[in-house]
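Okay, so here's the structure we're looking at.
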DNA sequence: AATGCGTGGTT
DNA sequence: TAACCAAGCAT
């Protein structure tokens, strides 16, 4: 059985992919605010945090609000973490807001207020992992990095490896392939990173892929193989109704919409099962998303 | 390495 | 309509 990340014998060469994909990108790239020069490294970094597991359409309005309110890392660093959580609104995964605030504080303290340029420095910031460090270094600073997000992984799985979907978790073989496909020239590499991601986002989508508009359809290993169905373990479903996540979301929504501290009685109304409710609230406090005050009061964290 | 972590649109 | 999906990270 062939490893799912091993290129097919008939897989296209790197050189055969770069030109068509980058040319397609020049013509079809979306005009997103974080792609404009005015966004700067901070705009790129904010957008990357917001886009972790969240669609572009929902990020756009919140991104504009954040950049208008906190145009530099030091501006956000001066705020309380709770204000960041409040301004995060309903983007989801609010720990990202906390981490972005923490990253802004670290940038103000350690990097003179400028988003660091080095991959290792970026990786050391809270909320920044392998993908985001590479994305900021590549998109904001034009550096040569393999930017391996879910879109790129899917494009490589199909075009090169010949399977419908990449593995559940990113494998060493995928990283190796991404590095092998990276153009040598720095500027070309950064264009390739953005272009291959955009191809996955717009054309080579998880469902209803649009091969007729794909610039590399003629070379795509998966299409040439007759687009075989995904085999292997199904991707882990994400149930939500009835989970602690749902309870946490409801609790935090009350605190976001409140001006001052909220009595526990008000929080109790969002979920009728007391054990799960208490567990969810404790979890929010443990995560630093909620601050308990004397007298059974709660608020978003002031520090 | 498997799991937990929000939310809303689409099929 | 329940399931799936959306530029991951931390533990």
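Numbering (my numbering), first residue to last: 1 to 303. No residue lacks a Cβ here, since even glycine has one placed at the ideal position from N, Cα and C.
DSSP on residue i, reduced to helix/strand/coil?
| i | result |
| --- | --- |
| residue 273 | coil |
| residue 299 | strand |
| residue 115 | coil |
| residue 215 | coil |
| residue 20 | helix |
| residue 263 | strand |
| residue 232 | coil |
| residue 33 | helix |
| residue 240 | coil |
| residue 254 | helix |
| residue 249 | helix |
| residue 12 | coil |
| residue 279 | helix |
| residue 160 | helix |
| residue 144 | coil |
| residue 72 | coil |
| residue 268 | helix |
| residue 2 | The predicted position of residue 2 is uncertain, since its pLDDT is 38 and thus under 50; a value taken from the coordinates is nonetheless stated next. Note: residue 2 maps to coil in three-state DSSP. |
Which residue from the options puts its Cα closest to that of residue i?
| i | options | result |
| --- | --- | --- |
| residue 237 | 216, 190 and 168 | 168 |
| residue 66 | 55, 45, 54 and 53 | 45 |
| residue 201 | 14, 28 and 266 | 28 |
| residue 76 | 91, 92 and 105 | 105 |
| residue 71 | 80, 39 and 59 | 39 |
| residue 127 | 97, 81, 156 and 16 | 97 |
| residue 193 | 140, 206 and 74 | 140 |
| residue 190 | 256, 173, 134 and 60 | 134 |
| residue 275 | 254, 287 and 242 | 242 |
| residue 234 | 165, 226 and 268 | 165 |
| residue 143 | 129, 116 and 124 | 116 |
| residue 123 | 11, 114 and 137 | 137 |
| residue 83 | 92, 69 and 93 | 69 |
| residue 172 | 163, 153, 184 and 209 | 153 |
| residue 268 | 260, 261 and 277 | 277 |
| residue 303 | 55, 273 and 78 | 78 |
| residue 33 | 63, 297 and 300 | 63 |
| residue 92 | 170, 253 and 113 | 253 |
Taking residue i as part of the alpha helix (DSSP H), name the residues at either end of that continuous run.
| i | result |
| --- | --- |
| residue 126 | Note, residue 126: premise wrong, no alpha helix (DSSP H); not H, not E. |
| residue 154 | 150-156 |
| residue 44 | 40-51 |
| residue 57 | 56-69 |
| residue 221 | 221-224 |
Over the uninterrupted beta strand (DSSP E) stretch that includes residue i, give me the two end residues.
| i | result |
| --- | --- |
| residue 291 | 291-293 |
Check: Using 8 Å as the threshold, is the region 242-253 in touch with the region 206-225, meaning 3 or more CB pairs across them?
Finding: no
Notebook entry, point to check: Hey, which unbroken runs of the alpha helix (DSSP H) at 4 residues or more fall wholly within the region 76-107?
Noted result: 81-88
Notebook entry, point to check: Are there three or more Cβ pairs, one per stretch, closer than 8 Å when the region 189-209 is compared with the region 149-162?
Noted result: yes
Next item on the list: Please go through the region 165-216 and give each complete alpha helix (DSSP H) segment of 4 or more residues, from N-terminal end onward.
Entry: 172-181 and 186-202
Next item on the list: Check whether the region 46-55 touches the region 79-94, counting contact only when three or more Cβ pairs, one atom from each stretch, lie closer than 8 Å.
Entry: yes
Note to self: I'd like to know if the region 158-168 and the region 219-232 are in contact, where contact means that at least 3 CB-CB pairs between them fall below 8 Å.
What the structure shows: yes
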